[in-house]
Amino acid sequence: MRGSIPVALCALVLAAAAGASTEATPGVTSSTVTIGSSGPLTGEAAAAAGVLKGADAYFKYVNGRGGVNGRQIKFTYLDDDYDPSRTVENVRELVQQDNVFALFSVVGTNENLAIRDFTNAAGIPQVFSAAGATTFGRDYAKYPWTIGYLPPYAEEGALYARQILATGAKTAKVAVLYQSDDYGKDLLAGFRKGLGAKAKQLIVQTVGYDPTTTDVQSEVAQLKASGANTFMVFAFGKFAIQAFVYANKLGWKPQVYVNDVASASSIMTLLPQTTAEGAISILWGKDPATPKFKGDPGVTLAAKIIKRYVPGGNPSDGFLVAGMAEAYSFVDALRAAGKNLTRKGLMNAVTHMNEASNPFLVPGVTVRTTPTSRFPISAVQLQRWHSRHWVPFGAVVSTKF
Amino acid sequence: MANLAQQIVSGLASGGIYALLALAIVIIHRSTGVINFAQGELATLSAFICFALMNHGWAFWPAFFVTLALSFGGGMVLHTVVIRPIQGGPLLGIVILTIGLLIAINGLTTWIWGGTSQQFHGPFSTAPIRVAGVAFSKQDIGVIVVAVVAMLVLGLLFARTKLGLGLRASAVNPSEARLVGVPVPAMLAVGWGLACALGAVAGVMAAPSLFLDPNMMQTVLLYSFAAAVLGGMDSPAGAVVGGLVLGVSLNLLGTYVDWIGGELRLATALALILAVLLARPSGLFGRSIVRRA
Amino acid sequence: MRLKLLYVSLGALALIVLPFALSDFRTGQLATVGAYFIAILGLDVLTGHSGQISLGHGAFMAIGAYTTAILVGHHGVRDLATIPIAAAVAGGIGLLAGVPALRLSGLYLALATFGIAVVFPTILKKFDTFTGGSTGISFFGSPHQTGHGTGVTILGAHLSNLQWLYALTWVIGVALFLLVWFLLASRFGRALRAVRDSELAAAAAGVNRSAYKVTAFGLSAALAGTAGSLFAINIAYVSPDSISIQLSLYLLVGAVVGFFGSIWGAILGALLIEFLADVVGLIPHVDTKQAGPTSFAFGAILVALMLLLPLATRLGAAVGRRGYPRPR
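From first to last, the protein sequence lines are chains A, B and C. Heads up: the first sequence runs through residues 52 to 452, numbered per the working numbering. Heads up: the second sequence runs through residues 95 to 387, numbered per the working numbering. Heads up: the third sequence runs through residues 1050 to 1377, numbered per the working numbering.
Next comes the structure, spelled out in structure tokens:
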């Protein structure tokens, strides 16, 4: 790979220059540590920015209790409207203007891809990216400063495939609605791979839609017309809701599989329950509205934090809770990196995580990383929507195939 | 076969929304000669106002009528304050100003209500009704009916009433209209008021299925332009027929032409705009204006 | 004329000195300003001087950006070499587009170009084998990227990556500005403005209106394509969402602020696009983390400008003020 030698050399030079020109690590003082992020505060993916708000709330909570190793966490995040070029500009600003110590939870696959070469050339930690592409956990040899957090979308799709094979391979006829971008296509590709040889036989129709579409009624009607009895909803936000609404409207009652990002209880309760009943999704963060977690200390804490630090925040917003889970892990890593905080020290901590006590994650889902295994969350549980609640079922399963 | 019928029915419902906004665009073009690029954003703003009122406990219909009145008044004020000063100048300047309005209003709605989508509960039930294997809802019927009624009312207004005559005169020949006593500035303002009121209807009808967010009408705007162009920019009937035809065609093309699918519908609408503008600018219903230069 | 030369010299001096006075980050921002400047020059030629409106200039920028990205990322072409290619490709498509554009009157041309700008990202996503789809194309650190993203040494002096981008963009920007200036002051420019002001008179004077209008379209597209190419080189990444309808509209704002033609105006317009968010953020109680207030400011500025200075007099005055030789 001709590209990597110059990059490595440049990284060395930069590291040396960085080391020579500044005494202390950027973004770190004796009393503060500054981290930055970029996300879609506006635009079609705005709901996903809840991750940043949730993390911000958790950091404020930690600061209120003395911070980490005596340092207060300063978290700055900027709007990129889900446009990766803006992410690049934001990251430049964060790194050169705001002198951040590390980037945390940058949202979006393309957004993280756009900055990855830069962060790795400059030795800036790009930690716990809020993006589901497999590459963030897999390609650490080339990009040692980058690490994801979420279970990859491709693996989620594969998990649904396994479930279908296990419960109805003979009779299943699958229709797939997918968002025509990396998000939906990753899910679809993983799903196909998970079905393996049976993919051609089981999938009767797939329809993609562009996120600029106004609504997907026509697409859903087309899928219903294919005669499928299983409906994969690999769609985001309002399109996922529309998928349910239109399936209901058309009198179609398939077994629905809905992707994790679209499955928050707050959304599911709004859907026509005849269609939503029995829908299957995955679960790794605790959903406060799930009866199983009622009274759970993690959920109670989350509600408390949201109430205090997220004005107008909905305690059962899955994105907020996911953000808090990430922030919890980040604080863990900061603590492990010690009082003498360096970027290398942070990456070391982040690649040696063994966290079983994250209050916002489902019991059995642990955050575990090694330098050669960089999928912090690699286990999830399946859940089924029943009587207006999510009910987890089965064992916690690994997403590593 | 059932799917074909279904696609047609759904297409009519989407088309109804395009038709309503297209009507607003046509009204302004017919009465002031301007293409109002901000029409979609104004419609979104109206929908948000209705939403805000309902959040404060108002029932739908009172909120809707107040929104309608505010939109009508707002449209008149907008014209008087912002368009009238440059009405006499080059059309290009007015168009650029409406672009400025587009940007400003989109920014305003994002500023006030944030970027996330909200659920909007419309007046008509969304419970499905199924006839002969085709499903639709009262909401769908409502949209189509409202669009057709609006078209008839406006058609009658322009053709049969004194107000309509005044509106048409002010658009075609303001100086002569003034001579015969038509209050031209007031007429133009009324034209804008009507259009914004129609936009409010479009926004409120669209919000239940499209979900309310600041960018809700951005794509609809392009579809509505296509509908207006297809129908001839000056014909209310053309706008509505254009909208319904567009809705159905896009559904059928999207379903039966794999390459278009769900991804190229917008591009198809654009292709339609270009084709009509280049081949037959007067659209299906308009009258050709021949310019000799 | 001497005053003009003084202004231009001062400007050139400022351009050379600035990167050493400002932080690296600000220098990087000024490099982006340079790209916008070139794009606005293109709009000046098209709308200000040939009277054809384009609400979709972002599409030509995108064409230039993608040409560069595809050549560097997929075919290993040196990034600098792709700049003239991007200009040529965009310019060629502009010429082709200029022909049907002749048939569309101002209003309908605005409509058509608006539609193109809105739809362009979808088309980029559809032809994904070519364009990388919604993932886009990244070439940061590629061996064909001058400086590999870490900096460049010229004549013994080391420039950081952002300083290099600044130098590249502004050298090209100033060169293009001079080119456009002379072109517009020449017979070509006079004929163009004649066509803009009165098609009848121009025809009577023997000016081939169609040829000039189409050429203007092509020229302005080539400029936008160059800007797009520089933009791509700056970010080292392109995606369908990089050049949105919003950017096309902001370029229009920039051009209007620039009174459709004067150099200071174009620079002011470019600066506005890049820095308005920062300016708005200075207003107390306004949270610019979110894009709403800044968009509102852009729109309000455009509306205010259009109200305060009627376009016709502005165009006319601008021509006179810039000192293009007028027939005596």
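The C-beta atom is built at its ideal place from N, Cα and C for all residues, glycine as well.
Considering only the alpha carbon of each residue, which of A:Arg359, A:Trp335, A:Leu392 and A:Pro362 lies closest to A:Ser429?
On the first sequence, residue 429 of chain A is found 378 positions in, with the first residue counted as 1. Closest by alpha carbon: A:Trp335.
What three-state label does DSSP hand B:Gln312 in the structure shown?
Residue numbering aside, residue 312 of chain B sits at position 218 when the second sequence is read from its first letter. Helix.
Any chain B beta carbon closer than 9 Å to C:Tyr1299:
Stepping through the third sequence from its first residue, residue 1299 of chain C is reached at position 250. Closer than 9 Å to some Cβ of chain B, the Cβ of C:Tyr1299 qualifies, so yes.
In three-state terms, what does DSSP make of C:Ala1206?
As a first step, residue 1206 of chain C must be located in the third sequence, where it is residue number 157. Correct three-state label for C:Ala1206: strand.
With a threshold of 6 Å on Cβ separation, who are the neighbours of C:Leu1272 within its own chain once the five nearest residues in sequence on each side are excluded?
Walking along the third sequence from the start, residue 1272 of chain C turns up at place 223. Excluding positions up to five away in sequence, the list reads Ile1087, Leu1090 and Gly1091.
Spell out whether any CB of chain B is found under 9 Å from the CB atom of C:Gly1369.
Within the third sequence, numbered from 1, the residue matching residue 1369 of chain C stands at position 320. With a pLDDT of only 43 at C:Gly1369, under the threshold of 50, the placement of this residue in the model should not be trusted, and no figure is reported.
Between C:Gly1379 and C:Gly1143, which are expected to be in contact by the criterion C-beta below 8 Å, what is the C-beta distance as a whole number of angstroms?
There is no way to answer for residue 1379 of chain C, as the model of chain C reaches only from 1050 to 1377.
Counterpart residues of A:Ser449 in DSSP-defined beta bridges
The count along the first sequence starts at 1 and reaches residue 449 of chain A at position 398. Bridge partners of A:Ser449: A:Ala430.
Decide if A:Thr222 is buried, meaning its Cβ has at least 16 other Cβ atoms within 10 Å, or exposed.
As a first step, residue 222 of chain A must be located in the first sequence, where it is residue number 171. So A:Thr222 counts as exposed.
Chain C partners of A:Val139, CB-CB under 7 Å?
Numbered from its first residue, the first sequence carries residue 139 of chain A at position 88. Within 7 Å Cβ-Cβ: Ile1284 and Tyr1286.
Please give me, in chain order, every unbroken run of the alpha helix (DSSP H) with length at least 4 that falls completely inside the region 155–209 of chain A.
160–173 and 186–189
Proximity winner among A:Gly374, A:Pro342 and A:Leu321, relative to A:Ile356 (alpha-carbon distances)
The count along the first sequence starts at 1 and reaches residue 356 of chain A at position 305. Nearest C-alpha to A:Ile356: A:Gly374.
B:Gln101 versus chain A: which residues are under 8 Å apart at the beta carbon?
Along the second sequence, one-based indexing puts residue 101 of chain B at 7. Neighbours of B:Gln101 on chain A, chain order: Ser269, Ala272 and Gln273.
The alpha helix (DSSP H) with C:Gln1194 in it runs from where to where?
The residue you call residue 1194 of chain C lines up with position 145 of the third sequence. First-last for C:Gln1194: undefined, no H or E at that position.
Strictly under 9 Å for the Cβ-Cβ distance: is C:Ala1319 near chain B by that measure?
Residue 1319 of chain C sits at position 270 when you count from the first residue of the third sequence. So, not an interface residue.
Pick from A:Trp303, A:Pro262 and A:Ala279: whose alpha carbon is nearest that of A:Phe290?
Within the first sequence, residue 290 of chain A is the residue found at index 239, counting from 1. Selected option, being the one with the closest Cα: A:Pro262.
Distance between beta carbons of A:Ala340 and A:Ser317, contact taken as under 8 Å:
Position 266 of the first sequence, counted from the first residue, corresponds to residue 317 of chain A. Position 289 of the first sequence, counted from the first residue, corresponds to residue 340 of chain A. That belief holds up - the Cβ atoms of A:Ser317 and A:Ala340 are roughly 7 Å apart, short of 8 Å.
Are the C-beta of C:Gln1339 and some C-beta of chain A separated by less than 9 Å?
Position 290 of the third sequence, counted from the first residue, corresponds to residue 1339 of chain C. Answer yes: the Cβ-Cβ gap between C:Gln1339 and chain A drops below 9 Å somewhere.
Over the uninterrupted beta strand (DSSP E) stretch that includes B:Ile223, give me the two end residues.
If you number the second sequence from 1, residue 223 of chain B lands on position 129. Segment Pro222 to Val225, the beta strand (DSSP E) holding B:Ile223.
Which residue wins for smallest C-alpha separation from C:Ser1293, given the options C:Gly1200, C:Arg1258 and C:Lys1174?
Within the third sequence, numbered from 1, the residue matching residue 1293 of chain C stands at position 244. Among C:Gly1200, C:Arg1258 and C:Lys1174, the Cα nearest to that of C:Ser1293 belongs to C:Lys1174.
Taking the C-alpha atoms as reference points, what is the distance between A:Asp347 and A:Arg359?
Within the first sequence, residue 347 of chain A is the residue found at index 296, counting from 1. Within the first sequence, residue 359 of chain A is the residue found at index 308, counting from 1. Those two C-alpha atoms are separated by around 18 Å.
Could you tell me which residues DSSP pairs with A:Asp131 in its beta bridges?
Residue mapping note: residue 131 of chain A aligns to position 80 of the first sequence, counting from 1. Answer is none; A:Asp131 lacks a bridge partner.
B:Gly377 burial status per 10 Å Cβ neighbour count (16 or more: buried)
Here the question's residue 377 of chain B lines up with position 283 in the second sequence. Flag for B:Gly377 reads buried.
Identify, in the order they occur along the chain, each residue of the same chain with its Cβ nearer than 6 Å to the Cβ of A:Ala286, setting aside the five sequence neighbours on each side.
For the purposes of this step, residue 286 of chain A is taken as the residue at position 235 of the first sequence. Correct list, in chain order: Leu228, Gln230 and Ala294.
Three-state secondary structure assigned by DSSP to A:Phe282:
As a position in the first sequence, residue 282 of chain A is number 231, starting the count at 1. In this structure, A:Phe282 counts as strand in the three-state DSSP scheme.
Contact the region 1160–1172 of chain C vs the region 312–327 of chain B: 3+ CB pairs below 8 Å
yes
C:Lys1053 at chain A interface by Cβ criterion, 9 Å:
Numbered from its first residue, the third sequence carries residue 1053 of chain C at position 4. Closer than 9 Å: no.
A:Phe187 and A:Asn161 closer than 9 Å at C-beta:
Counting from 1 along the first sequence, the entry for residue 187 of chain A is found at position 136. Counting from 1 along the first sequence, the entry for residue 161 of chain A is found at position 110. The answer is no: Cβ separation not under 9 Å.
CB A:Asp237 to CB A:Ala212, shorter than 9 Å?
For the purposes of this step, residue 237 of chain A is identified with residue 186 of the first sequence, where counting begins at 1. For the purposes of this step, residue 212 of chain A is identified with residue 161 of the first sequence, where counting begins at 1. It is not a contact, given that the beta carbons lie outside the stated cut-off.
DSSP three-state label for C:Ala1251, please.
Here residue 1251 of chain C refers to the residue found at position 202 when the third sequence is read from its first residue. DSSP, reduced to helix, strand and coil, places C:Ala1251 within a helical segment of the structure shown.
So C:Leu1351 contacts chain B; which residues on that side make the cut at Cβ distance below 8 Å?
The sequence position of residue 1351 of chain C within the third sequence is 302, counting from 1. Within 8 Å Cβ-Cβ: Ile190, Leu191, Ile193, Gly194, Ile197 and Ala198.
Which one of A:Pro414, A:Pro91 and A:Ser424 has the shortest CA to CA distance from A:Lys446?
Along the first sequence, one-based indexing puts residue 446 of chain A at 395. The sequence given here places Ala at residue 446 of chain A; Lys does not occur at that position. Nearest option by C-alpha distance: A:Pro414.
Could you list which residues in chain C have their beta carbon closer than 9 Å to that of A:Tyr133, in chain order?
For the purposes of this step, residue 133 of chain A is taken as residue 82 along the first sequence, with counting starting at 1. Within chain C, the residues near A:Tyr133 are Asp1290.
Assuming C:Gly1330 and A:Arg143 make a contact with CB atoms under 8 Å, what is their CB distance in whole Å?
Numbered from 1 along the third sequence, position 281 holds the residue referred to as residue 1330 of chain C. Numbered from 1 along the first sequence, position 92 holds the residue referred to as residue 143 of chain A. About 17 Å separates the beta carbons of C:Gly1330 and A:Arg143, which is beyond the 8 Å limit, so they are not a contact pair.
Short CB-CB distance (under 9 Å) between B:Ala361 and chain C:
The residue labelled residue 361 of chain B in the question sits at position 267 within the second sequence. At least one chain C Cβ lies under 9 Å of B:Ala361.
Quick one, which of B:Ala99, B:Gly258, B:Pro156 and B:Gly105 has its alpha-carbon nearest B:Arg359's?
As a first step, residue 359 of chain B must be located in the second sequence, where it is residue number 265. Taking only the C-alpha atoms, the option nearest B:Arg359 is B:Gly105.
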